[in-house]
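Under full-length UniProt numbering, think of the first position of the sequence shown as 1, with each following residue one higher. Positions of the beta carbon are idealized from the N, C-alpha and C atoms, including for glycine. Here the structure comes first, spelled out in structure tokens, and everything after it is commentary.
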Amino acid sequence: MMKLTPSPTAILDSLCKEFLSANVSAILYLMNYEQYGRSTASAQYFLQLAGYLGIPVIAWNADNSGLERRASQSSLQLQLAPSLEHQTAAMLSILERYKWHQFSVVTSQIAGHDDFIQAVRERISDMQDTFKFTILSAILVTEPHDLLELVNSESRVMLLYSTREEAIHILTAARDYKITGENYVWVVTQSVIENLQTPSQFPVGMLGVHFDTSSESLLSEITTAVKVYSYGVEDFINDPSNVNLSLNSQLSCEGAGESRWSTGDLFFKYLKNVSVEGDHGKPNVEFTQDGVLKAAELKIMNLRPGVSRQLVWEEIGVWKSWEKEGLDIKDIVWPGNTHTPPQGVPEKFYLKITFLEEPPYINLAPPDPVTGKCLVDRGVHCRVAKDSDMVEMDIQSAQKNESFYQCCSGFCIDLLQKFSEEIGFTYELVRVEDGKWGTLENGKWNGLIADLVNRKTDMVMTSLMINSEREAVVDFTVPYMETGIAIVVAKRTGIISPTAFLEPFDTASWMLVGIFAIHAATIMILLFEWASPSGFDMKKNPSTNHRFSFCRTYWLVWAVLFQAAVHIDSPRGFTARFMTNVWALFAVVFLAIYTANLAAFMITREEFHEFSGVDDHRLAKPFSHKPMFKFGTIPWSHTDSTLARYFKEMHSYMKAFNKSSVADGIEAVVTGEMDAFIYDGTVLDYLVAQDEDCRLLTVGSWYAMTGYGLAFSRNSKYLQMFNKRLLDYRDNGDLERLRRYWMTGTCKPGKEVQKSSDPLALEQFLSAFLLLMMGILLAAVFLLLEHLYFKYIRQHLAKSDDGGRCAIFSLSVGKSLTFRGAVYEAQDILRHHRCKDPICDTHLWKVKHELDMAKIRIRQLEKDLEAHGIKPTQTKYASSYS
């Protein structure tokens, strides 16, 4: 036997003198005293020492719930009393019975308070497939004002874990804060109930869990403990592998021998594997691997008026851990002496909510003119008329008039309805009267922020951006979506560049082909033809019937390069012909590469102003660019105030282009009235996605990143409950699902690809016509040069070309310098042209006759010259005429 609250020295002396000296193999530790505090600490210390020594302990102590699990994990302890986990399971069964999904946990600094919270969380996790709980808050009470968190929360059900003395102070403070009335349920643990004595500070209707700690129960548990020990010893001895092991600990406090009994861990395994027959109707006494009792039974207690009207703890049911439906409860006296259970959630309250429309967060649409109702996809009624216009107005009639009421839908409305269902409140949506978002105007707030500052509304819900100025006067929730300041521009369909046909190759490639390849091929073909025996055979003058020259070689090279179907003169030499084929192969490869790349450069390109962001110098310094860009935003918005603060020159310039609404700004960009529109990034992204023609896009990086939040007046009691819900929606993906639903649009990348297959317009193929026009003009220049040649140059060139060398460069030039060329030309005309009527034949005969007479006269003159001893210099030409 030990004292109830022994000192550490007394505990140590008792272990050394009474237990170790007797070579005990296990310790039976049973106590029905429930004075949590020093006695619990003493029990904790005793059990830890036994664990360090390696001696198993079979315990049953009424203050078991006050033992810290983390400190006793190393102990070899079998606990016959219901554990803290059993108590939390029973308490949550009560909550499940009455459909109380949300609650708060309140603890003092009692030993094991962290273990209690952890046990609650683990039990909730185990039950999540059958019943979902939400812990609204977990409060450690050290001072009365710590309970203020409960005052401003949705909590109506509290689980209390503390000592009875601490519970008196906690519940006294709770009564002062008015959180113990008929709408509040307090469910307490064994440590609060203790010996069933009832302090006057405890409110009527409290519920609790309890197990019997009477002397009779203690005697019964002693019998059970002895059975557990004897069964364990029997199993240990009957195991042949333990024949050489002794159940004598043989430990000493004198420093001799081992400091820990090595066989104790093995013996503990036999103890925790025993199965002792239970009482009638109860399962056998068995333990988990942690030494915790598997099956436990707890009493459900209710604090109610007794016979003398004094509040007493009365048993109203039991909870049995081994049964699926383990909770059995009779009639309960609920808080406030009522006989109906509280709802477990706050009663519905009313909120006036102010908004300002902005797709896709809040869209406005007229209600049904007959019924005045909003269709399912059009959301809920929202008032757009001023308060003064609603005086003596019948609501039902007003809801049919779109000048008084509209239908609000969108991201924020879906979120608001979710809040309303889960928090439990009614609301009225009212449009802000001045239609402004809320900025400082002449030192005073306007718009939505002004309504909150002046407490004309309870909450603002729309796409309201959070900034430091607004946060200084109102309270924001955590952001429900990130955003920033972005720029939207319009895409313009550009025309193909006049030089698009040159763009498949860069300048160096064109220079290489035009200057080197063409000239090199021309020179080499002509050189090989000149050197070939079947060609010029290295003579200065070509043979009469050999129609080849430098210019005709150029013509050949160009014709082969562009695969032109024109008449060309081919070289006679094999080497020159081979070189011509090599050039043809080069032309095939060149044209294949050119054609393949040309398609890419002939595609219509979309042009747009590619700004880097709001801080782009063309916007930030608008006067530095000529012509100046036209851009604007919405006055008295977050974007407007941000630009006014950080870009004063830009803000002053853009005032002339500002628009009253986002729709007007977008329309101005589409029509070309403005080059860009600056506003909230998510709103612009949505409008870009909604553009069916995909004419819009946002450019550059977002500036001044922030978020959208719900706004409340300063120190609003509703802030925390909305914050809690928003965090839950973010974690479970509800916010992301709403974002995906509302932020999608019809403008898809695939649609743009489809548009690219449309036929090319004339302006898109203008470069080809420009190329043809340039060719015509160049041909006209060549015609002018030809006339200049025949009129001014030929006669001078004929005097110097006495050997016909010009024919090597160009046969046409050579022929133009001699009479023989003219004769050849005439013969060619006669050979290839036939008259189709008698008149033509007559003229042709006359010309032939004159030609014959001219030939006779020429021969006569030649003979006369020879008779006088003069040899005509042109005889060689005359001889060729015949």
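Inter-residue spacing [alpha-carbon to alpha-carbon] between residue 16 and residue 187 = If I take the Cα positions, the gap works out to 43 Å.
Whose C-alpha, out of 307, 75, 456 and 603, is nearest the C-alpha of residue 503?
-> 603
Between the beta-carbon of residue 638 and the beta-carbon of residue 437, is there less than 8 Å?
-> yes
Between the region 166-176 and the region 248-262, do three or more beta carbon pairs fall short of 8 Å?
-> no
Residue 696 and residue 669 look like a contact to me (Cβ under 8 Å); what is the Cβ gap, rounded to whole Å?
-> With a Cβ gap of about 7 Å, residue 696 and residue 669 count as contacting.
Tell me whether residue 93 is buried or exposed, calling it buried when 16 or more other Cβ atoms sit within 10 Å of its Cβ.
-> Result: buried.
What residues in its chain sit with their C-beta under 7 Å from that of residue 91, if we drop five residues either side in the sequence?
-> 159, 187 and 209
For residue 121, does the three-state DSSP call read helix, strand or coil?
-> helix
When DSSP labels each residue in this structure, what does residue 105 get in the three-state scheme?
-> Three-state DSSP puts residue 105 in a strand.
Please list the segments of the alpha helix (DSSP H) lying wholly inside the region 677-732, counting only runs of 4 or more residues, in order along the chain.
-> 681-690 and 719-732
Determine the DSSP secondary structure at residue 846, reduced to helix, strand or coil.
-> helix
Please name the residue or residues paired with residue 311 in a DSSP beta bridge.
-> Bridge partners of residue 311 according to DSSP: 305.
Assigned secondary structure, residue 647 (DSSP; H/G/I helix, E/B strand, else coil) | coil
With 8 Å set as the bound, which would you pick, yes or no: does the beta-carbon of residue 186 sit closer than that to a beta-carbon of chain D?
-> In the structure shown, chain D cannot be found, because there is only a single protein chain.
Would you kindly report the start and end of the unbroken beta strand (DSSP E) that includes residue 381?
-> Unbroken beta strand (DSSP E) run through residue 381: 380-383.
Flag this pair as touching only if the region 47-63 and the region 72-88 have three or more C-beta atom pairs under 8 Å; answer yes or no.
-> At 8 Å Cβ cutoff, the stretches touch.
Could you say if the region 216-236 and the region 17-34 meet the contact criterion of at least three C-beta pairs nearer than 8 Å?
-> yes
Report the residue from 553, 252 and 304 whose alpha carbon sits nearest the alpha carbon of residue 202.
-> Ranking the options by Cα distance to residue 202, first place goes to 304.
Name the residue from 144, 619 and 684 whose alpha carbon lies nearest to the alpha carbon of residue 652.
-> The shortest C-alpha separation from residue 652 is found at 619.
Nearest-angstrom Cα distance between residue 145 and residue 139?
-> 11 Å
Within 10 angstroms of its Cβ, does residue 757 collect 16 or more other Cβ (buried), or is it exposed?
-> For residue 757, the pLDDT reaches just 41, beneath the cut-off of 50, and the residue's location in the model is therefore unreliable, although a value from the coordinates is still provided. Residue 757 should be labelled exposed.
Could you round the C-beta distance between residue 480 and residue 735 to whole angstroms and report it? I think they count as a contact, below 8 Å.
-> 6 Å
Please state whether DSSP places residue 373 in a helix, a strand or coil.
-> Three-state DSSP puts residue 373 in coil, outside helix and strand.
Taking the CB atoms as reference points, tell me whether residue 218 and residue 12 lie closer together than 8 Å.
-> no
Give the straight-line distance between the Cα atoms of residue 567 and residue 555, rounded to the nearest whole angstrom.
-> 9 Å
Compute the Euclidean distance between the alpha carbons of residue 660 and residue 182, then round it to the nearest angstrom.
-> Each residue's alpha carbon lies about 52 Å from the other.
Is the beta carbon of residue 349 sitting closer than 8 Å to the one on residue 383?
-> no
Could you spell out where the alpha helix (DSSP H) holding residue 231 opens and where it closes?
-> 215-238
What is the residue span of the beta strand (DSSP E) that residue 430 lies within?
-> That run of the beta strand (DSSP E) goes 425-431.
Where in the region 122-184 do unbroken runs of the beta strand (DSSP E), each at least 3 residues long, occur, reported from the N-terminal end onward?
-> 134-140 and 157-161
State the DSSP-derived secondary structure class of residue 857, mapped to helix, strand or coil.
-> Helix.
Comparing alpha-carbon positions, which option in 399, 722 and 21 lies nearest residue 248?
-> 21
In whole angstroms, what is the alpha-carbon distance linking residue 483 and residue 680?
-> 7 Å
Identify, in the order they occur along the chain, each residue of the same chain with its Cβ nearer than 7 Å to the Cβ of residue 328, setting aside the five sequence neighbours on each side.
-> 317 and 318
Whose C-alpha, out of 800, 87, 850 and 529, is nearest the C-alpha of residue 574?
-> 529
Taking only the alpha-carbon atoms, compute the straight-line gap between residue 189 and residue 477 and give it to the nearest angstrom.
-> 35 Å
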